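Engineer: Under the working numbering, the first residue of the sequence shown carries the number 5, and numbering increases by one thereafter.
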Amino acid sequence: MDEKSHKNIELHNRLLYAVIVLLVALLLFVALNNRGVYQQTVLQCPVCNESPQQGSCPNSTEVVTLLVCQNGKVVGSPNMCEPYSGMLDYEPVLTNEQGTLISKVEVKPACINGKIGGSIYYEVEAPSNIVAYELKEPGSEYEDIIVTDGLFHTYKYFMICTERCPYTGDFRLQANHTYVLRLRFERPLNNRTEYSNEHFINLLPGSEYMSKWCS
Numbered sequence: 005m006d007e008k009s010h011k012n013i014e015l016h017n018r019l020l021y022a023v024i025v026l027l028v029a030l031l032l033f034v035a036l037n038n039r040g041v042y043q044q045t046v047l048q049c050p051v052c053n054e055s056p057q058q059g060s061c062p063n064s065t066e067v068v069t070l071l072v073c074q075n076g077k078v079v080g081s082p083n084m085c086e087p088y089s090g091m092l093d094y095e096p097v098l099t100n101e102q103g104t105l106i107s108k109v110e111v112k113p114a115c116i117n118g119k120i121g122g123s124i125y126y127e128v129e130a131p132s133n134i135v136a137y138e139l140k141e142p143g144s145e146y147e148d149i150i151v152t153d154g155l156f157h158t159y160k161y162f163m164i165c166t167e168r169c170p171y172t173g174d175f176r177l178q179a180n181h182t183y184v185l186r187l188r189f190e191r192p193l194n195n196r197t198e199y200s201n202e203h204f205i206n207l208l209p210g211s212e213y214m215s216k217w218c219s
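(1) Look at the alpha carbon of asparagine 201 and the alpha carbon of glutamate 167, and state the distance between them as a whole number of angstroms.
(2) Unbroken beta strand (DSSP E) runs of length 3 or more, entirely within the region 102-164: which are they?
(3) Give me the Cβ distance between leucine 193 and valine 109, rounded to the nearest whole Å; I'm assuming they're in contact under 8 Å.
(4) Does the region 154-169 touch the region 108-126, meaning 3 or more C-beta pairs lie closer than 8 Å?
(5) Helix, strand or coil: how does DSSP classify valine 34 here?
(6) Looking at C-alpha atoms only, which residue of His203, Gly173, Tyr199 and Gln102 is the closest neighbour of alanine 136?
(7) Can you give me the C-alpha to C-alpha distance between valine 290 and valine 184, rounded to a whole angstrom?
(8) Taking histidine 181 as part of the beta strand (DSSP E), name the residues at either end of that continuous run.
(9) Taking just the CA atoms, how far does asparagine 133 sit from asparagine 195?
Right under this line is the structure:
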């Protein structure tokens, strides 16, 4: 083999080696680039769109817990409930008027045909011509709900309405409200009107009336 042929073979080998090196470098570049893209895709969560249908991010659910205070106020924390005595800001008159013929007036929880309600009972020394049962919510004016002839003693009953309110009793009151009740005894022959003590009827959740068990 002459010197010229030897040089041609050596040049050919160098070119082949250079091509192989370039191919290896190209393959390494492609492999490293793909790995970087994969890591970026896995490690970085894309920003979710406002509409869940436009992206593949998981849905996020926010849980909000609300509490109902004894006075009926809805709050987000027990610390936000105001101290509650069950009487709100109203102070009822707890005694009958002096010098009247009223012996006793009682208002308390009762079961009316298996449903929660209340009873009203009065006794007098002498019957009046008219007995009016007056009712109001604190801050409002009294209204007559029952007007009847006077007796020595008698009972009246009221039903507490929640979602369903079958008519049972002499009248109905709405749950989640507070009321004040008193009796008015009219004696026109003596030109006298007598008022009983006032009774606070608390129908808010957890009250004595709403906690009454009836079956």
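Just so it is clear, CB atoms sit at the ideal spot from N, CA and C, and this is done for glycine as well.
Please read these numbers as outputs of a predicted model, since none were measured by experiment.
Structural biologist: According to the data block:
(1) The residue labelled residue 201 in the question sits at position 197 within the sequence shown. The residue labelled residue 167 in the question sits at position 163 within the sequence shown. Computed Cα separation, rounded: 31 Å.
(2) Those beta strand (DSSP E) runs which fall completely within the region 102-164 and span 3+ residues are 106-116, 119-128, 134-140 and 147-153.
(3) As a working mapping, residue 193 is identified with position 189 in the sequence shown. As a working mapping, residue 109 is identified with position 105 in the sequence shown. Approximately 22 Å separates the beta-carbon atoms of leucine 193 and valine 109; this is outside 8 Å, ruling out the contact.
(4) By the Cβ test, the region 108-126 is in contact with the region 154-169, since at least three Cβ pairs between them sit closer than 8 Å.
(5) The sequence position of residue 34 within the sequence shown is 30, counting from 1. Under the three-state reduction of DSSP output, valine 34 falls in the helix class.
(6) Position 132 of the sequence shown holds residue 136. If we check each option's Cα against that of alanine 136, Tyr199 comes out closest.
(7) Given a span of 5 to 219 for the chain in the structure shown, any question on residue 290 remains unanswerable.
(8) As a first step, residue 181 is located in the sequence shown; it is residue number 177 there, counting from the start. First-last for histidine 181: undefined, no H or E at that position.
(9) Within the sequence shown, the letter at position 191 stands for residue 195. Within the sequence shown, the letter at position 129 stands for residue 133. Straight-line Cα distance between these residues: approximately 11 Å.
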